[in-house]
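Trainee: One structure follows; several queries about it will come next.
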Amino acid sequence: MFSARVLVKGAVSGRKETKFLRGKRKGAVLVLAAFFMVAVMALLAFCVDTGYILTLNSELKRSTDAAALAGAGNLINGPELAELGAFEYVLRNPIENELLAQQEGWEGNLASLLSQAKSNGAFSVAVGQWDPEGSQYPMDESDPDDPIDGRFKTYDPSVDPPPSAIRVRTEVPDCPLFFGQLFRQHRTVYDENGVHTEPVPIELAAVSIARYQPRDIMLVLDFSGSMSDDSELCRISQFGESVRERVESNLRQIWEDLGSPTYGNMQFEPVYISSTDNYYIKQRLGLSYVSYPYPSGSWDDYINYVKGYYNNPKKAGYYKCYGYLTLVNYWLEKRPGASQTPDLWKACVQPIGAVKDSSNIFMEYIQEVNTEDRVGLVIYNSSNQTAITEHSLTDDFDSVQNTIQHRQAAHYDSYTNIGAGIQYAREELEANARAGSFKMIVLMTDGEANRPSTDPDGFVRQQASLVADHRWPIVTISLGDKADTNLMQQVADTTGGIHFNIPGGGTVTDYRDGLLEVFRTIADDRPLVLVK
Numbered sequence: 066m067f068s069a070r071v072l073v074k075g076a077v078s079g080r081k082e083t084k085f086l087r088g089k090r091k092g093a094v095l096v097l098a099a100f101f102m103v104a105v106m107a108l109l110a111f112c113v114d115t116g117y118i119l120t121l122n123s124e125l126k127r128s129t130d131a132a133a134l135a136g137a138g139n140l141i142n143g144p145e146l147a148e149l150g151a152f153e154y155v156l157r158n159p160i161e162n163e164l165l166a167q168q169e170g171w172e173g174n175l176a177s178l179l180s181q182a183k184s185n186g187a188f189s190v191a192v193g194q195w196d197p198e199g200s201q202y203p204m205d206e207s208d209p210d211d212p213i214d215g216r217f218k219t220y221d222p223s224v225d226p227p228p229s230a231i232r233v234r235t236e237v238p239d240c241p242l243f244f245g246q247l248f249r250q251h252r253t254v255y256d257e258n259g260v261h262t263e264p265v266p267i268e269l270a271a272v273s274i275a276r277y278q279p280r281d282i283m284l285v286l287d288f289s290g291s292m293s294d295d296s297e298l299c300r301i302s303q304f305g306e307s308v309r310e311r312v313e314s315n316l317r318q319i320w321e322d323l324g325s326p327t328y329g330n331m332q333f334e335p336v337y338i339s340s341t342d343n344y345y346i347k348q349r350l351g352l353s354y355v356s357y358p359y360p361s362g363s364w365d366d367y368i369n370y371v372k373g374y375y376n377n378p379k380k381a382g383y384y385k386c387y388g389y390l391t392l393v394n395y396w397l398e399k400r401p402g403a404s405q406t407p408d409l410w411k412a413c414v415q416p417i418g419a420v421k422d423s424s425n426i427f428m429e430y431i432q433e434v435n436t437e438d439r440v441g442l443v444i445y446n447s448s449n450q451t452a453i454t455e456h457s458l459t460d461d462f463d464s465v466q467n468t469i470q471h472r473q474a475a476h477y478d479s480y481t482n483i484g485a486g487i488q489y490a491r492e493e494l495e496a497n498a499r500a501g502s503f504k505m506i507v508l509m510t511d512g513e514a515n516r517p518s519t520d521p522d523g524f525v526r527q528q529a530s531l532v533a534d535h536r537w538p539i540v541t542i543s544l545g546d547k548a549d550t551n552l553m554q555q556v557a558d559t560t561g562g563i564h565f566n567i568p569g570g571g572t573v574t575d576y577r578d579g580l581l582e583v584f585r586t587i588a589d590d591r592p593l594v595l596v597k
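In my numbering, each residue carries its 1-based index in the sequence shown increased by 65.
See below:
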């Protein structure tokens, strides 16, 4: 019982003491609340101003990112237009919910606005080169506090190559604050009005660098036997008299491109010899003691070809007519390979001639801006009826151009293995493409897949699916009336590429402008990437 009384007494005593103390401390919480209220308000002001600064920084960065990408996209048009393009997108992106250009018609006054912005330091732009490894160029002294800019070299217009990157810098010279004015640092200023203090401005700036993303491009070209058809007499029987003059003129040009060779007393315009005796015909043509000029074929084989009742010379009106016109046609149709008539690469044979010219111009197009592109070359025409990688990915464009120039229709073989061409291009990209590059395949054909002998179209679709697994686009070009446009469209759709169809119309002079436009479109479609 004793212990219980003590506990009760202690409890009662404790309540009295607590009540006593509470009475003595009345009003102390108000002092603490007032003190902490000041601290909370200061923290709130700090949070509001900090959030505003972060938002403004974000808007500045968004603006410079858009400007850098727009400027990079205009580099192909020269540094001046690149600057204007970048500045336009600075103006189009609001900062602090306001557009920098308010007056109507400002788009037509960009040059003046740009000059004003550059003079007051609110905007600066430089074009140049970007070194991904950061090893070629010293740090840009204009921005020494930003080490990443050590990869950027300002463009020197007196030195090649042309610019491929652009750096944009925007600035808010004095960021306005809501509550921070009370806590801003001040500095002493001496001027004509004496000595006074002013707040130190809070400068905000954003820098963005954009460049053309380097591309690894595999050209997959058709050098099958049909790539000489437009220069052959077969076109006359297919399209009629409307193309005769052009085909015959092209055959003459091919003969002249080969050096206008002379054999016996033959003339370019064929002469009719009714005899079927090869010995007599060779005597009439002065060929009895003239060696046949190439590794494959013979004078007897040529004569038999011209007097063949179902051959193309007869269908074109040249039955038993002998001359350089029908001789050149014999080479193109019956002996087109490099191992048969090796000089044909020198001649303007069509449509392969237009493909050569367009491919060469394509190489020039992609070098107009220094984008560090590389090109590889696959020909789906080989001695084993598959394909051949003529060039791995390289920036030696002259070598690729030289190889294309020295190939002829049916160079290795006459067949068309489109699937193997895609396969070889994919394997080259898998093995040698750069990690940061934009990878693509450009596939051209004038016909239908006929190799492998079992389901050649299915093989094409299978290989396109393997490319699609990498998310690499295949740009397809179908050339002429005999091209399988449906299959080329399927390949493009499967891989996210584009299909260009250049329809036929007789001879390849109808295709040349279309091919150039397509290759120009592909070359100019340069992907852009922000590197900072």
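Heads up, the beta-carbon is just placed ideally off N, CA and C, and yes, glycines get one too.
1) Within the same chain, show all residues whose beta-carbon is closer than 6 Å to that of Ile469, passing over the 5 residues directly before and after it, in chain order.
2) Mind checking who Val285 pairs with in its DSSP beta bridge?
3) Can you tell which of Ser302, Arg234, Thr391, Glu310 has its C-alpha closest to the C-alpha of Ala275?
4) Inspect the CB distances between the region 371-389 and the region 325-342 and report whether three or more fall short of 8 Å.
5) What three-state label does DSSP hand Trp195 in the structure shown?
6) Specify the secondary structure class of Phe524 as computed by DSSP and reduced to three states.
7) Rounded to whole angstroms, what is the Cα-Cα separation between Asn315 and Leu508?
8) I'd like the list of long-range same chain contacts for Ser502, defined as Cβ closer than 8 Å, with 5 residues on each side in sequence excluded.
9) Taking the alpha-carbon of Gly523 as reference, which of Glu321, Leu552, Gly441, Val355 has the nearest alpha-carbon?
10) Where Leu531 and Leu284 are concerned, what is the direct C-alpha to C-alpha distance, given to the nearest angstrom?
11) The beta strand (DSSP E) that contains Ser273, what's its start and end?
12) Would you give the residue range spanned by the alpha helix (DSSP H) that Asn425 belongs to?
13) Report back the beta-carbon spacing between Asn343 and Asp365 to the nearest angstrom; my notes put them in contact at under 8 Å.
14) Out of Tyr395, Glu493, Tyr375, Thr120, state which residue places its alpha-carbon closest to the alpha-carbon of Thr454.
15) Along the chain, which unbroken stretches of the alpha helix (DSSP H) at least 4 residues long are found entirely within the region 354-384?
16) Taking the straight line between their C-alpha atoms, what separation do you get for Leu175 and Phe152?
17) Can you give the Cα-Cα distance for His476 and Pro401, rounded to whole angstroms?
18) Helix or strand or just coil, what does DSSP make of Glu310?
19) Does chain B have any CB closer than 7 Å to the CB of Ser307?
20) Answer with buried or exposed for Asp461, where buried requires no fewer than 16 other C-beta atoms within 10 angstroms of its C-beta.
21) Apart from the five residues on each side of it in sequence, which residues of its chain come closer than 6 Å, Cβ to Cβ, to Gly441?
22) Quick check on this structure: which residue in Ile539, Tyr445, Ser291, Ser273 has the alpha carbon closest to the alpha carbon of Asp130?
23) Is the beta carbon of Tyr480 less than 7 Å from the beta carbon of Asn515?
24) Specify the secondary structure class of Leu323 as computed by DSSP and reduced to three states.
25) Measure the C-alpha to C-alpha separation of Tyr154 and Ser184 and round it to an integer number of angstroms.
26) Just reading off the beta strand (DSSP E) that Ile567 is part of, what are its end residues?
27) Please return the same chain residues whose Cβ sits closer than 6 Å to the Cβ of Lys126, not counting the five positions on each side in sequence.
28) Under three-state DSSP, which class holds Tyr344?
29) Report buried or exposed for Arg536, applying the criterion of at least 16 other Cβ atoms within 10 angstroms of its Cβ.
30) Terminal residues of the continuous alpha helix (DSSP H) containing Leu552?
31) First and last residue of the beta strand (DSSP E) that includes Arg234?
32) Where does the unbroken alpha helix (DSSP H) through Val465 begin, and where does it stop?
33) Over the uninterrupted beta strand (DSSP E) stretch that includes Lys218, give me the two end residues.
34) From the DSSP output, in three-state form, read off Cys413 for me.
35) Give me the Cα-Cα distance between Ala135 and Ala500, rounded to the nearest whole angstrom.
36) The alpha helix (DSSP H) spanning Ile453 covers which residue range?
Mentor: This is what the structure holds:
1) Lys421, Ser424, listed in sequence order.
2) The partner list for Val285 (beta bridge, DSSP) reads Val443, Leu508.
3) Nearest of Ser302, Arg234, Thr391, Glu310 to Ala275, Cα basis: Arg234.
4) Contact between the region 371-389 and the region 325-342 is established, with three or more Cβ pairs separated by less than 8 Å.
5) Of the three classes helix, strand and coil, the one that applies to Trp195 here is strand, per DSSP.
6) Phe524 sits in a helix when the DSSP states are folded into three classes.
7) Approximately 27 Å between the Cα atoms of the pair.
8) For Ser502, where only same-chain residues beyond five positions count, the Cβ hits under 8 Å are Gln278, Pro279, Arg280, Asp281, Arg439.
9) For Gly523, the nearest C-alpha among the options comes from Leu552.
10) Cα to Cα, Leu531 sits roughly 17 Å from Leu284.
11) Ser273: member of the beta strand (DSSP E) spanning 269-277, first to last residue.
12) Boundaries of the alpha helix (DSSP H) harbouring Asn425: 417-431, taken from the DSSP string.
13) For Asn343 against Asp365, the beta-carbon gap comes to about 5 Å, under 8 Å, which counts as contact.
14) Of the candidates Tyr395, Glu493, Tyr375, Thr120, Glu493 places its Cα closest to the Cα of Thr454.
15) Fully enclosed alpha helix (DSSP H) runs of 4 or longer: 364-371, 377-380.
16) For the pair Leu175 and Phe152, the Cα-to-Cα distance works out to about 8 Å.
17) Our two residues, His476 and Pro401, have alpha carbons roughly 7 Å apart in a direct line.
18) In this structure, DSSP gives Glu310 a helical state, which the three-state scheme calls helix.
19) The chain labelled as chain B is not found in the depicted structure, where only one protein chain is given.
20) That one is exposed.
21) Closer than 6 Å at Cβ, skipping near neighbours: Met283, His456, Ser457, Leu458, Glu493.
22) Measuring from the Cα of Asp130, the nearest candidate turns out to be Ser273.
23) Yes, the Cβ-Cβ distance between Tyr480 and Asn515 is below 7 Å.
24) The answer is coil: DSSP assigns Leu323 none of H, G, I, E or B.
25) The alpha-carbon of Tyr154 is positioned some 18 Å away from that of Ser184.
26) For Ile567, the enclosing beta strand (DSSP E) starts and ends at 564-567.
27) A distance below 6 Å between beta-carbons, with the five flanking residues on each side excluded, links Lys126 to the following residues of its chain, in chain order: Ala271.
28) Reduced to three states, the DSSP call for Tyr344 is helix.
29) By the 10 Å Cβ count, Arg536 comes out exposed.
30) From DSSP, the alpha helix (DSSP H) with Leu552 extends over 550-560.
31) That run of the beta strand (DSSP E) goes 230-237.
32) Annotation: the continuous alpha helix (DSSP H) that includes Val465 extends over 462-470.
33) Looking at the DSSP string, the run of the beta strand (DSSP E) that includes Lys218 is 217-219.
34) Three-state result, Cys413: coil.
35) Cα-Cα distance, rounded: 24 Å.
36) For Ile453, no alpha helix (DSSP H) encloses it; the enclosing beta strand (DSSP E) starts and ends at 453-459.
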